[in-house]
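Asker: All letters in the sequence shown, in the order written, are residues 2 to 77 by our numbering.
All C-beta atoms, glycine included, are put in the ideal place defined by N, C-alpha and C.
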Amino acid sequence: MDNIAIIEEELFEPHPDIVSGAVVLRGTRIPVEAFFENLAAGLTLEELLRNYPAVGRERAEAAILQAGRKFVKAAA
Numbered sequence: 002m003d004n005i006a007i008i009e010e011e012l013f014e015p016h017p018d019i020v021s022g023a024v025v026l027r028g029t030r031i032p033v034e035a036f037f038e039n040l041a042a043g044l045t046l047e048e049l050l051r052n053y054p055a056v057g058r059e060r061a062e063a064a065i066l067q068a069g070r071k072f073v074k075a076a077a
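Okay, here's the thing in structure tokens:
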């Protein structure tokens, strides 16, 4: 998994047509908030990828990794 090469700008973008400009996973209409709410609700990554096939495994793993890094940085 070489998700380290995927930077935040390649992962996320605001989408003016979704929930008043919600941030989505780039290239999809899937709000980042919905993505992480599903994980927090207990969906596995496999289930999430079945529900949102447009995300793709590499992008999903990179988004999770990026969120973890932001959390660690904010907690420091």
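Looking at C-alpha atoms only, which residue of Arg27, Asp18, Phe36 and Ala63 is the closest neighbour of Asn52?
Answerer: Here residue 52 refers to the residue found at position 51 of the sequence shown. Cα-wise, what sits closest to Asn52 is Phe36.
Asker: Taking only the alpha-carbon atoms, compute the straight-line gap between Ala42 and Phe13 and give it to the nearest angstrom.
Answerer: In the sequence shown, the residue the question calls residue 42 occupies position 41. In the sequence shown, the residue the question calls residue 13 occupies position 12. Approximately 21 Å, taken between the alpha carbons.
Asker: Hey, Leu49 and Ala61 are a contact pair by Cβ (cut 8 Å); roughly how many whole angstroms apart?
Answerer: Taking the sequence shown and counting its residues from 1, one reaches residue 49 at position 48. Taking the sequence shown and counting its residues from 1, one reaches residue 61 at position 60. That belief holds up - the Cβ atoms of Leu49 and Ala61 are roughly 7 Å apart, short of 8 Å.
Asker: Would you check if the distance between the CB atom of Gly22 and the CB atom of Pro32 is smaller than 8 Å?
Answerer: Translated into the one-based positions of the sequence shown, residue 22 becomes position 21. Translated into the one-based positions of the sequence shown, residue 32 becomes position 31. No, the Cβ-Cβ distance between Gly22 and Pro32 is not below 8 Å.
Asker: Could you compute how far the alpha carbon of Leu26 sits from the alpha carbon of Ala76?
Answerer: Counted from its first residue, the sequence shown places residue 26 at position 25. Counted from its first residue, the sequence shown places residue 76 at position 75. Taking the straight line from one Cα to the other gives about 24 Å.
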